[in-house]
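So the sequence shown is numbered by UniProt numbering: it starts at 1 and just counts up by one.
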Amino acid sequence: MGLEGARPSGEEHGCGPEPGRTAEAWTFAEGLCAEHGLEPDFKDVATTSPGFVEKAARSGIVLP
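Here's what the structure looks like:
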């Protein structure tokens, strides 16, 4: 299975990538997980399928 079409913007769910902010957000989220002893379990919307984005928007926590 290829990755064609697997890079949705996520904008319709309020979780679209903001240029230059992905690495900063990832580092911030990892730091919070480490600080609170949590296992990181998050995905960058730019690397997931439209179906995953839809499911996460319905049942997960979407950070701005």
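Quick reminder that beta carbons are idealized off the backbone N, C-alpha and C, glycines included.
Tell me which residue opens and which closes the alpha helix (DSSP H) that residue i is part of.
i            : result
valine 53    : 50 to 59
threonine 27 : 22 to 35
Taking the alpha-carbon positions, what's the residue i to residue j distance?
i            : j             : result
alanine 25   : glycine 51    : 22 Å
glutamate 54 : glutamate 30  : 23 Å
histidine 36 : threonine 27  : 14 Å
serine 49    : isoleucine 61 : 17 Å
alanine 57   : leucine 38    : 21 Å
threonine 47 : alanine 34    : 23 Å
serine 59    : leucine 32    : 21 Å
Measure the beta-carbon distance from residue i to residue j and round it to whole angstroms, keeping in mind my assumption that it falls under 8 Å.
i            : j            : result
threonine 22 : aspartate 44 : 6 Å
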